[in-house]
Amino acid sequence: MKNGMSDFRLSGSLEGMEDATETHEAFLKLLLRHEPMVRAAIRAVVRRAEDVDEIMQAVSLVAWRKFDSLTDHDGFGSWACVIARYEVLKFQRGRARDRFVLDEALVEQILEEAASDGDARRERLSLLERCLEKLPEARRKLLLQVYSPGRTTRAVAEQLGKS
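In terms of the numbering used here, the sequence shown opens at residue -6 and continues consecutively.
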């Protein structure tokens, strides 16, 4: 019987590992699919790319820890944006001494909109791209420089000799 019991324990632990692997894979697929949207929502209120990365990492960790509580995987993107909202607010509170911190109510409003229907967001992005195309080339390049990942307004101003 000793061997039979050992086989049972091994079999049970392998099934548990398979379940954990499937859960992990499902989470990673959903996170990778929705990360650009979540990152864009964070980027809408946080300027520095390093800060966006830090917040996105926190969102990923919280989402992983709470993934078992998500009952509708189709709602992962909106759910992750809600997590991002709380992580951005926590980040903003920690940075409240900085003079360029957005008001919490405004941050919440921006992030709520970011969590809204993906089709509406894609439509707004398309409209924004059309607006950018209408700008003179020099202004368009300036905007794209300022909003490029890893760039700060200060760095662009210094590069252009502006204050």
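Built from N, CA and C at the ideal position, the CB exists for glycine as well.
- Residues R40 and V139 of the same chain have their beta carbon placed closer than 8 angstroms to that of T146, with the five preceding and five following residues left out of the count.
- Three or more Cβ pairs closer than 8 angstroms define a contact, and the region 53 to 70 meets that threshold against the region 21 to 33.
- With 16 or more other Cβ atoms from the protein chains shown falling within 10 Å of its own Cβ, S53 counts as buried.
- In the DSSP annotation of this structure, V38 is not part of any alpha helix (DSSP H), being labelled neither H nor E.
- Counted as a single uninterrupted DSSP element, the alpha helix (DSSP H) harbouring K134 occupies residues E130 to V139.
- Judged by their CB atoms, M49 and E28 are nearer to each other than the 9 angstroms cut-off.
- In this structure, R78 lies near L104, with their beta-carbon atoms less than 9 angstroms apart.
- As the crow flies, the alpha-carbon of I76 is around 15 angstroms from that of D46.
- Going by DSSP, R144 is part of no alpha helix (DSSP H) at all; its letter is neither H nor E.
- Counting of Cβ neighbours within 10 angstroms places A56 among the buried residues, the total reaching 16 or more.
- In the structure shown, the three-state DSSP call for L63 is coil.
- Nearest to G154 by alpha-carbon distance, out of S141, G143, P142 and L135, is L135.
- For G154, no alpha helix (DSSP H) encloses it, and the DSSP letter there is neither H nor E.
- The C-beta of R36 has 16 or more other C-beta atoms within 10 Å across all chains shown, which makes the residue buried.
- In the DSSP assignment, G70 falls within the unbroken alpha helix (DSSP H) covering F69 to G87.
- A direct Cα-Cα distance of roughly 9 angstroms separates H17 from F60.
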